[in-house]
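A.B. asks: As numbered in the numbering used here, residues 175 to 597 make up the sequence shown, in order.
C-beta atoms are modelled at their ideal positions from N, C-alpha and C, and glycine is treated no differently.
What you are looking at is a predicted structure, and each value in this text was computed from that prediction instead of being measured.
Dropping a structure here in structure tokens format, bear with me for questions.
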Amino acid sequence: MCVESTPPPSARLTRRGVLAGAAALAGTTAVLAASVPQANAAARAGHTGGDLVIEGGTLLDPATGEVTEDAVVVIVDGVVRAAGARGRISVPEGAETISAHGRWILPGLVDAHIHLNTAAEARDAVARGATSARSGSTNFYQDIAVRELARQAPGQAPRLRAAGVFVTPDLGDTILADPDLTPLARLRDGVRSPEALRRVVEVNLARGADVIKTRVNERAGLPEQDPLAQVYDREQLSAVVAAARRGGKGVLCHSYSEKGCHDAVMAGVRSLEHGAFVGERTLAEMRRRRTYFTPTLTAIAGLADSSDPVLAERGRQYLPVLKRAVLAAHEMGVPLAAGTDSSGGKIKPIGREVELMRSAGLSALDAIRTATTGAAKLLGIDRTAGRLARGFAGDVILVDGDPLSDVTVLKKPVRVVRSGIAL
């Protein structure tokens, strides 16, 4: 049975129905309502963010590795107007100022794989240093609403690339996320045919997804599943990629086995997620295609702490294998992006992923780049995020200590600034 004859998704539903429902599920409705007066006032005044000066700290530019002592960062309307040594920067009179003396100043970090289902989770992600992020999918389009929350009230959520709902064989209750998905309930074998795969992608695109999330293997975080079991073949993955590309979007793919990783890369995914057993053959292809690797070391390390003996053993087995894969990828020139895979209401600091990248063998600067310039490029926001330079977003973290000597300081930023708004 197929869904070929089903009418195309309704674009009208995007604005009136699905987004409103997603906002309610995500808990963003009240936050958005509270922010409307301020947002309207800001719009009338021509402002899109805050005005702020950060002065006196040590500024790190991840792009160049340059370190500037006694630095000043000037943010106007949420955008960096100037950043550099104090003597070279003109500070606006009467500007609100934050002293960073004795601290290091870095651009806000980027979490390239996170599941944000509520407004509380979005705020927590920002508070932990992730001022930009890419969703790893949600069940009912909550990430679409979180993205809109970030635009209306930037201090409440990270700048977000939303993935909508997961393209997976068994949609479960996600079939209720959108009336245009309900014809798929008739399919005995789930979302597997080219028509069904296209359908889920097309509904996602109609609802405003920025990227598409699919899978090639089962989950590592469920003890009853085998993470090395393959659920989609290369042809099916190619159908997902082709449908996404028609909408101008890329695909991130949940993966574990070497064959699964290889099939995903050959199908044309934009980034490989997890990928514990990715091999040299696939890494070479990733380097050639500039396919990103988002290993989510934080999530795999978390399995080792599980009370479930199956998951704990998986974590202990997978983490060293994945660390070796990360180092091999880095040495081969495969682009890396940091992502925590935080979900279930437990937001982990993106600084923890940087710490694990460092422990895998990357230099401190290269580990920091995976959560700044590298991740920003994957998200397509490398002219907005990942640096503190003129024209970039006024997203900043202040940390106690030199991250080039000890990256663990990134796990607990002492101050976060989002779009010129000090939190």
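To the nearest angstrom, how far is it from the Cα of G338 to the Cα of G513?
C.D. replies: 17 angstroms
A.B. asks: Would you mind sorting T546 into buried or exposed? The rule is 16 or more other CB atoms within 10 Å of its CB.
C.D. replies: buried
A.B. asks: Comparing the CB of E529 with every heavy atom of the ligand SAH, is any distance shorter than 8 angstroms?
C.D. replies: The ligand content of the structure shown is nil, which means the ligand SAH is not present either.
A.B. asks: Tell me which same chain residues have a C-beta within less than 7 angstroms of the C-beta of E295, skipping the five on either side of it?
C.D. replies: G519, I521
A.B. asks: When we look at the beta-carbon of S264 and count the other beta-carbons within 10 Å, is it buried (16 or more) or exposed?
C.D. replies: exposed
A.B. asks: Report the residue ranges of all alpha helix (DSSP H) runs contained in full by the region 270-326; include only those spanning at least 4 residues, in chain order.
C.D. replies: The qualifying runs are 293-301, 316-326.
A.B. asks: Using a 10 Å radius around the Cβ and a threshold of 16 neighbouring Cβ atoms, would you call M506 buried or exposed?
C.D. replies: Exposed, by the Cβ-count rule.
A.B. asks: For K387, report the span of its alpha helix (DSSP H) as first-last.
C.D. replies: DSSP places K387 outside any alpha helix (DSSP H); the residue lies instead in the beta strand (DSSP E), whose first and last residues are 386-389.
A.B. asks: Any idea what DSSP makes of L426, helix, strand or coil?
C.D. replies: strand
A.B. asks: Verify whether the separation of the beta carbon atoms of V415 and A441 is less than 9 angstroms.
C.D. replies: Taking 9 angstroms as the cut-off, the Cβ atoms of V415 and A441 count as close.
A.B. asks: Quick test of your reading: L597 and V250, contact by CB under 8 angstroms. State the CB separation rounded to the nearest angstrom.
C.D. replies: L597 to V250, Cβ: 18 angstroms. No contact.
A.B. asks: Counting Cβ pairs, one atom from each stretch, are 3 or more of them under 8 angstroms apart for the region 544-562 and the region 310-330?
C.D. replies: Two segments are said to touch when three or more pairs of C-beta atoms, one from each, lie closer than 8 angstroms; by this definition the region 544-562 does not touch the region 310-330.
A.B. asks: Please report the straight-line C-alpha distance between I279 and P494, rounded to a whole angstrom.
C.D. replies: 32 angstroms
A.B. asks: Alpha carbon to alpha carbon, what distance is there between D574 and P587?
C.D. replies: When rounded, the distance between both Cα atoms is 7 angstroms.
A.B. asks: Determine the extent of the alpha helix (DSSP H) in which Y492 is found, giving its start and end residues.
C.D. replies: 483-506
A.B. asks: Is T356 helix, strand or coil by DSSP?
C.D. replies: helix
A.B. asks: Three-state secondary structure (DSSP) at G220?
C.D. replies: With a pLDDT of 42 at G220, under the threshold of 50, the modelled position of this residue cannot be trusted; read the value that follows with caution. Reduced to three states, the DSSP call for G220 is coil.
A.B. asks: Is DSSP giving L477 helix, strand or coil here?
C.D. replies: helix
A.B. asks: Tell me which same chain residues have a C-beta within less than 7 angstroms of the C-beta of I386, skipping the five on either side of it?
C.D. replies: Taken in chain order, the residues that qualify are A337, V341, V375, N378, V414, A418, K423, V425.
A.B. asks: According to DSSP, which residues form a beta bridge with A549?
C.D. replies: Paired residues: none, contrary to the question.
A.B. asks: Return the residue from the list K585, G449, T305, V227 that minimises the CA-CA distance to S273.
C.D. replies: V227
A.B. asks: Would you decide whether D580 is buried or exposed? Buried here means 16 or more other CB atoms lie within 10 Å of its CB.
C.D. replies: The C-beta of D580 has fewer than 16 other C-beta atoms within 10 Å across all chains shown, which makes the residue exposed.
A.B. asks: Does DSSP put I524 in a helix, a strand or coil?
C.D. replies: helix
A.B. asks: So what does Q404 bridge to, in DSSP terms?
C.D. replies: N391
A.B. asks: Can you tell me where the beta strand (DSSP E) with L539 in it begins and where it stops?
C.D. replies: Where L539 is concerned, there is no enclosing beta strand (DSSP E), although the alpha helix (DSSP H) around it starts and stops at 538-543.
A.B. asks: By the DSSP assignment, the beta strand (DSSP E) with G231 in it spans what residues?
C.D. replies: 226-234
A.B. asks: Going by DSSP, which residues form a beta bridge with R333?
C.D. replies: S306
A.B. asks: Rounded C-beta distance between P236 and G535? I'm assuming under 8 angstroms.
C.D. replies: The Cβ separation is near 18 angstroms, so there is no contact.
A.B. asks: Look at the alpha carbon of L334 and the alpha carbon of V528, and state the distance between them as a whole number of angstroms.
C.D. replies: So the alpha carbons of these two residues sit roughly 20 angstroms apart.
A.B. asks: Less than 9 angstroms between the beta carbons of R372 and C427, yes or no?
C.D. replies: no
A.B. asks: Just mark N214 as buried or exposed, buried being the case when its beta carbon has 16 or more other beta carbons within 10 Å.
C.D. replies: Residue confidence is low: N214 scores 40 on pLDDT, short of 50, so the model does not pin down where it sits. Its coordinate-derived value is still stated next. Answer is exposed; the Cβ neighbour count stays below 16.
A.B. asks: For H289, which residues in the same chain have their Cβ closer than 6 angstroms to its Cβ, ignoring the five residues on either side in sequence?
C.D. replies: G310, S517
A.B. asks: From A319 to T558, what does the alpha carbon distance come to, in whole angstroms?
C.D. replies: 21 angstroms
A.B. asks: Going by DSSP, what residues sit across from I595 in a beta bridge?
C.D. replies: R592
A.B. asks: Going by other Cβ atoms of all chains shown within 10 Å of its Cβ, with 16 needed for buried, is V241 buried or exposed?
C.D. replies: exposed
A.B. asks: Just grab the DSSP bridge partners of F467 for me.
C.D. replies: Secondary-structure assignment with DSSP links F467 through a beta bridge to L446, L510.
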